[in-house]
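Written out below as structure tokens is the structure these notes cover.
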Amino acid sequence: MDPFDSSISPRKEAAESGDSRAPWFRFSSWLECVCVVTFDLELGQAIELIYPPDVKLTEKEKTSICYLSFPDSYSGCLGDTQFSFRLRQSVGRRGSCFDAYSLDAPVTLQREVAHFHGYVYFRQVKDVSVKRGYFQKSLVLVSRLPYHHLFHSLLQIIAPEYFEKLEPCLEAVCNEIDQWPSPVPGSTLNLPIMGVVLQVRIPSKADKPGGSPVKLMPKEHLLPAPTVLPSIHELDLFKCFQPVLIHLQMLWELMLLGEPVVVMAPSPTVSSETVLALVSSISPLKFCCDHRPYFTIHDSEFREFTTRTQAPPNVILGVTNPFFIKTFQCWPHILRLGELKMSGDLPKQVKVKKLAKLKTLDTKPGMYTAYKTFLHKDKILIKRLLKGIQRKRPSEVQSAILRRHLLELTQSFIIPLERYMASLMPLQRSVSAWKTPPQIRPFSQEDFLSTLDHAGPQLTSGLRGDWLGLYRKFFRSPNFDGWYRHRHREMSHKLESLHLEVLCDADLMGWTKDKSEVEIVDLVLKLREKLTKARRQQLPVKDGVVEQLDGFIQSIIGLLPEDLQSVLHKH
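So the sequence shown is numbered by the numbering used here: it starts at 25 and just counts up by one.
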């Protein structure tokens with residue numbers, strides 16, 4: 025889950041191609057659409073309204089949004105409920121960059137299935153004018169951006185007004201969002217909505233781990249004063265992890281290794297927040313497996329995830345229906361949660377239990393797994409957090425302590441990998457203008473493990489345990505594959521950039537003096553190919569390098585006979 029890039033959608037693509045009058049192109053850099061889903065006991069769920077009206081959702085996407093926008097009958101969500109879901113975009117759609125590994129990653133680097141994120145505000149109230157006596161409706165924001173805090177804050181502002189004033193209110197809201205500036209990484213923005221101004225900072229890969237604070241902008245005569253959101257994507261980690269504090273080490277390892285986990289919760293709110301908190305626990309390492317904050321038996325991937333003919337897939341599922349207890353009995357890790365306690369109460373910690381005990385519908389909360397952690401628990405951290413509960417320490421302070429601990433733990437694990445990976449990079453002096461760029465040396469797991477005695481995680485972490493065993497298992501996980509592919513791609517791009525810079529400093533004109541026309545044409549074609557690749561992949565070259573090489577190409581073409589010049593200019 026990487027919340028750090030701007031949106032790509034058909035409407036925005038039209039705008040970026042030069043058509044600034046394309047309808048809703050600013051809106052689409054934030055949201056794909058807004059849906060109103062209504063529930064009738066006899067007719068079932070149905071999308072009552074999609075806005076803007078030109079949005080093209082497939083029938084499969086519409087069906088998924090319908091089912092994922094309602095708590096199932098076991099949740100008992102009377103009143104207002106907010107939660108999140110995630111669904112695959114239909115095949116054939118242009119992928120977006122939100123699930124790409126890196127922050128600010130170009131769309132061309134996308135290798136994963138693209139997903140939509142849904143942010144739901146569900147209202148269920150008694151209403152004698154409605155058949156069976158209940159008004160049940162969901163307002164859903166559908167986006168390619170995983171900005172959970174921002175969009176749920178937005179729903180808290182617009183949903184109560186919508187339920188009172190209906191469609192005209194929604195149209196006004198969408199028009200306001202269509203005036204917002206694009207979410208450019210690193211920018212701090214004022215976002216006016218229904219008389220409120222939300223001030224947010226869009227994260228960037230240049231941010232230091234742990235995030236950058238929102239810098240207050242000049243008020244610019246804004247009335248009222250802006251409401252500052254400290255983060256657009258971070259959750260209240262402490263609230264999510266309260267009942268499982270003693271299992272933090274285990275949960276972190278399960279996420280690091282991309283193990284299949286089912287979170288059984290009493291409501292979609294608890295389910296979605298817990299799944300999202302688990303995924304974020306290994307930040308800044310990218311979680312490269314699938315995750316579904318709220319998953320139902322009507323989901324189009326239900327059969328795929330519940331088949332017993334093969335091992336469970338690398339996915340985290342958040343569910344609320346007790347039916348899943350039987351369905352997921354073959355899964356290796358099941359976290360069963362009760363109702364979350366309010367901060368200030370000492371939460372009852374769930375215990376580790378054997379999977380065989382997960383049989384009845386009234387199963388008690390627990391962590392059902394046979395997993396044994398590689399590392400020891402950090403008892404000092406757990407005591408500090410539990411003491412914080414007794415002393416009524418604010419939840420945001422508890423979350424900051426927790427986030428800092430998880431960040432340091434992940435960094436201790438990643439730093440040796442980063443250091444070893446950097447050692448595989450060819451030396452800069454080996455990059456020559458007259459040869460293809462040298463290759464990155466292959467990653468040897470055994471060579472890496474041999475470096476841990478003198479440069480392992482023990483240098484930055486006080487945790488003891490079998491770090492070697494943890495790395496060995498990590499090498500077999502999708503998270504290692506995703507990390508390695510991303511780092512290898514970054515290093516390859518760096519080598520290509522260095523090669524372009526060396527070419528700039530080379531005497532290309534002098535080289536052509538004793539060369540045949542065929543050799544000169546070959547050089548022109550190769551240089552052009554490199555420049556096309558540099559632009560397509562947005563290589564990190566120094567300012568002026570691309571323009572200088574373009575100039576070289578034109579000068580070299582000018583040395584050739586006119587007929588060849590004409591052919592090369594055409595192509």
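For each residue, glycine too, the CB sits at the ideal point set by N, CA and C.
Got a sec? Which residues, its chain only, sit under 8 Å from residue i by beta carbon, not counting five neighbours each side?
{"i": "residue 475", "result": "440, 443, 444"}
{"i": "residue 505", "result": "312"}
{"i": "residue 564", "result": "517, 518, 521"}
{"i": "residue 308", "result": "233, 431, 434, 435, 438"}
{"i": "residue 452", "result": "522"}
{"i": "residue 91", "result": "69, 320, 322, 323"}
{"i": "residue 332", "result": "354"}
Would you call residue i buried or exposed, if buried means 16 or more other Cβ atoms sit within 10 Å of its Cβ?
{"i": "residue 587", "result": "exposed"}
{"i": "residue 593", "result": "exposed"}
{"i": "residue 533", "result": "exposed"}
{"i": "residue 304", "result": "buried"}
{"i": "residue 585", "result": "exposed"}
{"i": "residue 88", "result": "buried"}
{"i": "residue 413", "result": "buried"}
{"i": "residue 297", "result": "buried"}
{"i": "residue 335", "result": "exposed"}
{"i": "residue 299", "result": "buried"}
{"i": "residue 278", "result": "buried"}
{"i": "residue 169", "result": "buried"}
{"i": "residue 458", "result": "exposed"}
{"i": "residue 511", "result": "buried"}
{"i": "residue 582", "result": "exposed"}
{"i": "residue 96", "result": "buried"}
{"i": "residue 223", "result": "buried"}
{"i": "residue 258", "result": "buried"}
Among residues of its own chain, excluding the 5 on either side of residue i, which ones have a beta-carbon nearer than 6 Å to its beta-carbon?
{"i": "residue 40", "result": "Annotation note: pLDDT 42 at residue 40 (below 50); position unreliable, coordinate value reported separately. Cβ within range, chain order: n/a, list empty."}
{"i": "residue 392", "result": "358, 377, 379, 382"}
{"i": "residue 286", "result": "341, 352, 355, 358"}
{"i": "residue 428", "result": "none"}
{"i": "residue 576", "result": "532"}
{"i": "residue 569", "result": "524, 525, 528"}
{"i": "residue 454", "result": "462"}
Kindly give me the distance between the Cβ atoms of residue i and residue j, rounded to whole angstroms, as I take these residues to be in contact under 8 Å.
{"i": "residue 61", "j": "residue 93", "result": "4 Å"}
{"i": "residue 337", "j": "residue 348", "result": "Actually they are not in contact, since the Cβ atoms of residue 337 and residue 348 sit about 15 Å apart, beyond 8 Å."}
{"i": "residue 111", "j": "residue 85", "result": "7 Å"}
{"i": "residue 198", "j": "residue 76", "result": "6 Å"}
{"i": "residue 181", "j": "residue 221", "result": "Not a contact, Cβ separation roughly 11 Å."}
{"i": "residue 317", "j": "residue 109", "result": "6 Å"}
{"i": "residue 389", "j": "residue 361", "result": "6 Å"}
{"i": "residue 140", "j": "residue 106", "result": "Wrong, their Cβ atoms sit about 17 Å apart, outside the cutoff."}
{"i": "residue 23", "j": "residue 163", "result": "With the chain covering only 25 through 595, there is no way to say anything about residue 23."}
{"i": "residue 189", "j": "residue 63", "result": "In fact, because the Cβ distance is near 20 Å, the residues do not count as touching under 8 Å."}
Considering only residues of the same chain and omitting the five flanking positions on each side of residue i, which have a CB-CB separation below 7 Å?
{"i": "residue 55", "result": "165, 166, 167, 201"}
{"i": "residue 430", "result": "276, 305"}
{"i": "residue 574", "result": "555"}
{"i": "residue 597", "result": "Within the shown structure, residues of the chain are numbered from 25 to 595, placing residue 597 beyond reach of any answer."}
{"i": "residue 479", "result": "440, 443"}
{"i": "residue 550", "result": "none"}
{"i": "residue 363", "result": "290"}
Using a threshold of 7 Å, is the CB atom of residue i nearer than that to any non-hydrogen atom of the ligand HEM?
{"i": "residue 183", "result": "You won't find the ligand HEM in this model; it holds no ligand whatsoever."}
Stretch-stretch touch, CB-based, cutoff 8 Å, three pairs: the region 498-513 with the region 305-313
Enough Cβ pairs lie closer than 8 Å, so yes.
Determine contact between the region 64-79 and the region 212-231, defined as no fewer than three beta-carbon pairs at a distance below 8 Å.
no
Spell out a yes or no on whether the region 138-152 and the region 347-358 are touching, meaning 3 or more CB-CB pairs, one atom from each, closer than 8 Å.
no
Quick check: the region 392-410 against the region 270-288, are at least 3 beta-carbon pairs closer than 8 Å?
yes
Just checking, does the region 414-428 make contact with the region 258-266 on the three C-beta pairs under 8 Å criterion?
Remark: three or more beta-carbon pairs, one from each stretch, lie closer than 8 Å, so the region 414-428 and the region 258-266 are flagged as touching.
Inter-stretch contact (C-beta, 8 Å, three-pair minimum) for the region 168-182 and the region 210-218
Segments in contact, yes.
Stretch pair the region 334-350 + the region 283-299: three plus CB contacts closer than 8 Å
yes
Are the region 512-519 and the region 486-494 in contact at 8 Å, needing three or more beta carbon pairs?
Here the region 512-519 makes no contact with the region 486-494; the two share fewer than three CB pairs at distances below 8 Å.
Would you check if the region 463-474 and the region 404-416 touch, i.e. whether three or more CB-CB distances between them fall below 8 Å?
no
Secondary structure, beta strand (DSSP E): runs of 3+ residues fully inside the region 53-100:
57-64, 68-75
Go through the region 295-332 residue by residue and report every complete run of the beta strand (DSSP E) that reaches 3 residues or more, in order.
Entirely contained in the region 295-332, the beta strand (DSSP E) runs reaching 3 residues are, in chain order, 314-316.
Unbroken stretches of the alpha helix (DSSP H), 4 residues or longer, contained in the region 538-572:
541-560
Let me know the alpha helix (DSSP H) ranges lying completely inside the region 464-548, each 4 residues or longer, listed in chain order.
You should have 469-474, 476-479, 491-498, 502-529, 532-535.
For a minimum of 3 consecutive residues, which ranges assigned as the beta strand (DSSP E) are wholly contained in the region 158-194?
158-167
What are the uninterrupted segments assigned as alpha helix (DSSP H) that are 4 or more residues long and contained completely in the region 191-218, given in chain order?
191-201
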